[in-house]
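Every position in the sequence shown, counted from 1, becomes a number in the numbering used here once 22 is added.
Quick reminder that beta carbons are idealized off the backbone N, C-alpha and C, glycines included.
Since the structure is predicted, the reported quantities are computational estimates derived from the model, not experimental observations.
See structure below.
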Amino acid sequence: MPEIKKVDVNLIAEVCQGAEKSAKKRAFKILHDSPEEGVQRMLFALQPDTYVHPHKHEVGGQFEFLTVVQGKLGVLAFDEKGAITETHTVGPKGELRAIEIPPNMWHTVVCLENNTTVIEIKPGPYNPGEVKVTAVWAPDEQAPDVVAYLSSLRGRFI
Numbered sequence: 023m024p025e026i027k028k029v030d031v032n033l034i035a036e037v038c039q040g041a042e043k044s045a046k047k048r049a050f051k052i053l054h055d056s057p058e059e060g061v062q063r064m065l066f067a068l069q070p071d072t073y074v075h076p077h078k079h080e081v082g083g084q085f086e087f088l089t090v091v092q093g094k095l096g097v098l099a100f101d102e103k104g105a106i107t108e109t110h111t112v113g114p115k116g117e118l119r120a121i122e123i124p125p126n127m128w129h130t131v132v133c134l135e136n137n138t139t140v141i142e143i144k145p146g147p148y149n150p151g152e153v154k155v156t157a158v159w160a161p162d163e164q165a166p167d168v169v170a171y172l173s174s175l176r177g178r179f180i
């Protein structure tokens with residue numbers, strides 16, 4: 023018999039600890055049973071120094087639905103040349119608690135508080151070769167200018 027899946031404070035703490043220890047300053051816990059499932063669900067935690075390369079999802083009408091359960095997340099959308107077109111602050115203590123990013127939209131997120139924790143829902147199945155396209159106009163994670171770029175993105179919210 024299947025069991026009810028729960029996201030409790032212990033699971034949130036576990037994922038946050040993983041993010042603190044991670045070199046990338048983020049960690050996740052998959053909540054679905056199989057990559058083939060039609061709905062993918064994940065709990066992820068971010069620390070303020072993490073960098074999520076701006077990207078978009080071109081294949082399969084893949085949106086991202088993000089619900090922030092702890093902390094504060096900055097969400098940015100971009101045009102094709104990398105100019106910021108929208109910024110939103112999402113968190114359980116603010117006006118905006120969740121956000122849906124449509125398919126084919128350039129976007130990224132920035133962590134605005136320690137231990138920001140998010141539930142992400144998106145269509146499946148998971149296909150690693152079709153997950154996302156990263157923006158050529160933004161620095162790669164290993165690039166020397168990534169710290170300055172991340173700081174400029176975070177500056178949109180401070």
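Taking the Cα positions, residue 103 is about 12 Å away from residue 77. According to the DSSP assignment, residue 123 belongs to the beta strand (DSSP E) that extends over 120 to 123.
Assignment of residue 39 by DSSP, reduced to helix, strand and coil, places it in the helix class.
Within a 10 Å sphere around the beta-carbon of residue 119 sit fewer than 16 other beta-carbons, which makes this residue exposed. Three or more Cβ pairs drawn from the stretch 79 to 89 and the stretch 115 to 129 lie within less than 8 Å of each other, which places the two stretches in contact. A Cβ-Cβ contact shorter than 8 Å links residue 157 with residue 75.
When the alpha-carbon of residue 35 is set against those of 162, 139 and 175, the nearest one is in 139. A straight line joining the alpha-carbon of residue 111 with that of residue 66 spans about 17 Å. According to the DSSP assignment, residue 176 belongs to the alpha helix (DSSP H) that extends over 168 to 176. If the five residues before and after residue 99 are omitted, its C-beta is found closer than 6 Å to the C-beta atoms of 107, 108, 127 and 129, all from its own chain and listed in chain order.
Around the CB of residue 43, fewer than 16 other CB atoms lie within 10 Å, so the residue is classed as exposed.
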